[in-house]
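Colleague:
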Amino acid sequence: DGGITQSPKYLFRKEGQNVTLSCEQNLNHDAMYWYRQDPGQGLRLIYYSQIVNDFQKGDIAEGYSVSREKKESFPLTVTSAQKNPTAFYLCASSRGRDRRMDNEQFFGPGTRLTVL
Amino acid sequence: AQKVTQAQTEISVVEKEDVTLDCVYETRDTTYYLFWYKQPPSGELVFLIRRNSFDEQNEISGRYSWNFQKSTSSFNFTITASQVVDSAVYFCALSGMNTGFQKLVFGTGTRLLVSP
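For the protein sequence lines, the chains are A and B, in the order given.
First residue of the first sequence: 141, per my numbering; consecutive thereafter.
First residue of the second sequence: 5, per my numbering; consecutive thereafter.
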């Protein structure tokens with residue numbers, strides 16, 4: 141079955157530690173995205189990548205970093221510079237490389253990060 | 005700037021009632037796309053529909069229907085004969101030419117509670 145996997149589902153870290161969230165897709169999609177969701181709010185875009193070895197900052201990139209070395213993988217690192225990292229993180233992918241017709245995004249199950 | 009407003013924070017209905025979720029958007033783009041996503045308690049967003057700005061035809065899919073009206077900048081979602089399984093948070097989203105068709109701007113979501 142094709143889809144997007146995120147691991148782990150729940151993650152606990154101490155304040156000041158960097159942590160990396162995994163996102164893998166086997167849909168052969170070119171574009172991948174990371175969103176952050178806080179209670180009562182919509183999704184906010186952290187980073188996105190339209191092609192391997194290239195990525196762009198979203199609306200709230202400060203304190204986060206990403207890499208896109210493989211088409212299937214788009215890991216997100218939450219660094220100690222992120223002031224309020226506790227949130228629900230969602231990864232998504234879409235087929236198109238900025239093509240109009242392929243821009244619906246498909247989401248993974250999410251990772252709930254809690255910083256103690 | 006692009007913006008999506010979902011003024012209804014939470015709606016409670018009894019099973020079999022019809023319910024309409026409102027979505028109002030703002031954009032200066034002449035070409036844009038509108039989306040609806042469902043987020044059940046498990047957390048994963050499920051893609052429901054995409055409409056482009058040139059197609060104002062209403063769409064029906066089973067118990068779901070969508071009413072797109074450019075004159076009022078609205079893209080409302082109606083569930084007919086609601087069921088308990090419809091309980092979820094529903095997000096409306098927008099993408100347009102100026103910000104890139106791959107970048108979605110989400111509303112804050114409407115939580116729908118369907119009781120038996």
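Ideal Cβ placement from N, Cα and C applies to all residues, glycine included.
In the DSSP output, what is R115/B paired with across the bridge?
Modeller: DSSP, once it has assigned bridges, lists E14/B and V93/B as partnering R115/B.
Colleague: Residues bridged to M47/B by DSSP?
Modeller: Here residue 47/B turns out to be Gly, not Met, going by the sequence shown. DSSP lists no partner for G47/B.
Colleague: Quick one: does the C-beta of F247/A sit closer than 6 Å to a heavy atom of the ligand SAM?
Modeller: Looking at this structure, you won't find the ligand SAM or any other ligand, since it has none at all.
Colleague: Would you decide whether K107/B is buried or exposed? Buried here means 16 or more other CB atoms lie within 10 Å of its CB.
Modeller: Buried, since its Cβ has 16 or more Cβ neighbours within 10 Å.
Colleague: For K210/A, which three-state DSSP category applies?
Modeller: Of the three classes helix, strand and coil, the one that applies to K210/A here is strand, per DSSP.
Colleague: S86/B lies in the beta strand (DSSP E); which residues open and close that run?
Modeller: Premise fails: S86/B is in no beta strand (DSSP E) and is neither H nor E.
Colleague: With a cut-off of 7 Å, does the C-beta of G113/B fall near any C-beta of chain A?
Modeller: True, the Cβ-Cβ gap to chain A drops below 7 Å.
Colleague: In the DSSP assignment, the beta strand (DSSP E) including S220/A goes from what residue to what residue?
Modeller: Premise fails: S220/A is in no beta strand (DSSP E) and is neither H nor E.
Colleague: On the DSSP letters alone, give me the boundaries of the beta strand (DSSP E) that G104/B sits inside.
Modeller: G104/B -> beta strand (DSSP E) spans G104 to F110.
Colleague: Where does K154/A sit, in a helix, a strand or coil, going by DSSP?
Modeller: Three-state DSSP puts K154/A in coil, outside helix and strand.
Colleague: If we cut at 7 Å on Cβ distances, does Q12/B have a partner in chain A?
Modeller: Not closer than 7 Å to any Cβ of chain A, the Cβ of Q12/B fails to qualify, so no.
Colleague: Does the distance from the CB of Q146/A to the CB of T217/A come in under 7 Å?
Modeller: No.
Colleague: Using a threshold of 7 Å, state whether the C-beta atoms of Y37/B and S77/B are closer than that.
Modeller: Cβ distance not < 7 Å, so Y37/B and S77/B don't count as in contact.
Colleague: Could you pull the DSSP bridge partners for Q177/A from this structure?
Modeller: For Q177/A, which the question treats as bridged, DSSP gives the partners L183/A and F228/A.
Colleague: Please confirm if L161/A has its CB atom under 7 Å from at least one CB of chain B.
Modeller: Answer no: the Cβ-Cβ gap between L161/A and chain B never drops below 7 Å.
Colleague: State buried or exposed for F152/A, treating a residue as buried only when at least 16 other CB atoms are found within 10 Å of its CB.
Modeller: When all chains shown are included, F152/A counts as exposed.
Colleague: Here's a check: name, in chain order, each residue in its chain whose Cβ is nearer than 6 Å to the Cβ of E257/A, leaving out the five neighbours to either side.
Modeller: Residue 257/A falls outside the range modelled here, since chain A spans only 141 to 256, and no answer is possible.
Colleague: Report the three-state DSSP secondary structure of T35/B (helix, strand or coil).
Modeller: Coil, per DSSP.
Colleague: Beta strand (DSSP E) containing I144/A: first to last residue?
Modeller: Start and end: I144 to S147.
Colleague: First and last residue of the beta strand (DSSP E) that includes E63/B?
Modeller: Per DSSP, E63/B belongs to the beta strand (DSSP E) from E63 to S65.
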